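This report concerns only the one structure given below.
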Amino acid sequence: KNLRMYFPVGSNLFTRNKKFVKAVEDVSFSIEENKVLGLVGESGCGKTTVGRTIVRIYKPSHGSIDYTRPDGSKVDVAKLNNKEMRPYHREIRMVFQDPFGSLNPRIPVKDIIAEPIIIHNMLPKSETEDRVASLMKDVGLNPDYMNRYPHEFSGGQRQRIGIARALASNPRLIVADEPVSALDVSVQAQVLNLLETLRDEKGLTFLFVAHDISVVEHISDNIAVMYVGRIVEKAETEELLYNPLHPYTEALVSAIPVINSDKSKHRIHLEGDVPNPVNAPPGCVFHPRCRYATPACSQSVPELREAGPGHMVACHNYDKISLRGI
Ligand code: SF4
Numbered sequence: 009k010n011l012r013m014y015f016p017v018g019s020n021l022f023t024r025n026k027k028f029v030k031a032v033e034d035v036s037f038s039i040e041e042n043k044v045l046g047l048v049g050e051s052g053c054g055k056t057t058v059g060r061t062i063v064r065i066y067k068p069s070h071g072s073i074d075y076t077r078p079d080g081s082k083v084d085v086a087k088l089n090n091k092e093m094r095p096y097h098r099e100i101r102m103v104f105q106d107p108f109g110s111l112n113p114r115i116p117v118k119d120i121i122a123e124p125i126i127i128h129n130m131l132p133k134s135e136t137e138d139r140v141a142s143l144m145k146d147v148g149l150n151p152d153y154m155n156r157y158p159h160e161f162s163g164g165q166r167q168r169i170g171i172a173r174a175l176a177s178n179p180r181l182i183v184a185d186e187p188v189s190a191l192d193v194s195v196q197a198q199v200l201n202l203l204e205t206l207r208d209e210k211g212l213t214f215l216f217v218a219h220d221i222s223v224v225e226h227i228s229d230n231i232a233v234m235y236v237g238r239i240v241e242k243a244e245t246e247e248l249l250y251n252p253l254h255p256y257t258e259a260l261v262s263a264i265p266v267i268n269s270d271k272s273k274h275r276i277h278l279e280g281d282v283p284n285p286v287n288a289p290p291g292c293v294f295h296p297r298c299r300y301a302t303p304a305c306s307q308s309v310p311e312l313r314e315a316g317p318g319h320m321v322a323c324h325n326y327d328k329i330s331l332r333g334i
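Once you know that position 281 of the sequence shown is 289 in the UniProt record's numbering, the rest is easy, because the numbers rise by one and skip nothing.
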């Protein structure tokens, strides 16, 4: 709720006039249990920072992260210190983008997957190996290979190892940060199907971070679109794809490939570059690239407001323009 994450930059870190990268600016959303929220946007829009803040790799500069425990009690994990965070690190896990870089090449796979079990004292040592074997089966890996090292597996298999590691502590919420973007397209589909199966079988909840809306559309119940640190639109997946209200979402949706369609003729190419988050433009950050911009757009920041049931949009003119969905 109202999450903000600023990083100081430049050589003036210790002076009064600090400059900041405003990576995340006033971001609010909720994820219901057993649902998947897709968080979409271009590189550098702050979506990964949101994910890392939720698992508390970063402590947010401002805002709260309200987590509801299985007994219904609530805790603001943004306020917890590292020691207090420990039980939540067991319940909230992250799957990283890079299956090549996120696994220690010197450690056999069985020890990589067992790490959370050991850290959180979850099982006696004698039972850990059986649990690792069962986790490997859950993610479609042959347990006979548990003594092998990460380099002996393919990219898709390595991402499955990362998923097995995340599952090892019986989490409730998984933040998946671009989990398939480093994989071949055919392998992407397999890993997405695996995540969907795990969601259904284990009742997991996901924050699924991706730059490609066509990757999240199949797995997400709801989608939130980010641009330069802010959420500009969020809605149920179908509603967002068929009835986008923000011009940036319109451009993202227009880029989704559709088989047997002449849709490529309608693809919207955005002019200009994503602005620097250190010196973001005033008013609506999208206004330098927006073909619907009016003078008011450069003067005030549009609030995220309800445009329909469950459909939120941050645009001054959303009700005056007619956009294209899929
Ligand atoms: Fe475009 Fe203005 Fe809406 Fe921003 S507020 S998206 S500039 S029309």
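Positions of the beta carbon are idealized from the N, C-alpha and C atoms, including for glycine. Note that the coordinates shown come from a computational prediction; the quantities given were computed from them, not determined experimentally.
Item, Value
"Is Asn325 near the ligand SF4, going by C-beta to nearest heavy atom under 7 Å?", "yes"
"Just the C-alpha distance for Ala259 and Arg275, rounded to the nearest angstrom, thanks.", "7 Å"
"Which of the three DSSP states is assigned to Lys67 in this structure?", "coil"
"According to DSSP, Lys242 sits in a beta bridge with which residue or residues?", "Ala232, Met320"
"When you compare only the Cα positions, how much space is there between Lys9 and Thr61?", "12 Å"
"Which parts of the region 121-196 are runs of the beta strand (DSSP E), unbroken and 3 residues or longer, counting only runs that do not cross its ends?", "181-185"
"Pull up the distance between the alpha-carbon of Ile264 and that of Asp34, whole angstroms please.", "28 Å"
"According to the Cβ coordinates, are Ile182 and Ile121 closer than 8 Å?", "no"
"Would you say the beta carbon of Ala184 comes nearer than 7 Å to a heavy atom of the ligand SF4?", "no"
"So Thr213 and Ile39 are in contact, right, with Cβ under 8 Å, and what is the actual spacing, rounded?", "6 Å"
"Mapping DSSP to helix, strand and coil, what is residue 2?", "Shown here, the chain extends from 9 to 334; a query on residue 2 therefore has no answer."
"Under three-state DSSP, which class holds Val309?", "coil"
"Which same chain residues, not among the five before or five after Ala74, have their C-beta less than 7 Å away from its C-beta?", "The sequence given here has Asp at residue 74, not Ala. Excluding sequence neighbours, Asp74 sits near Lys9, Lys82, Asp84."
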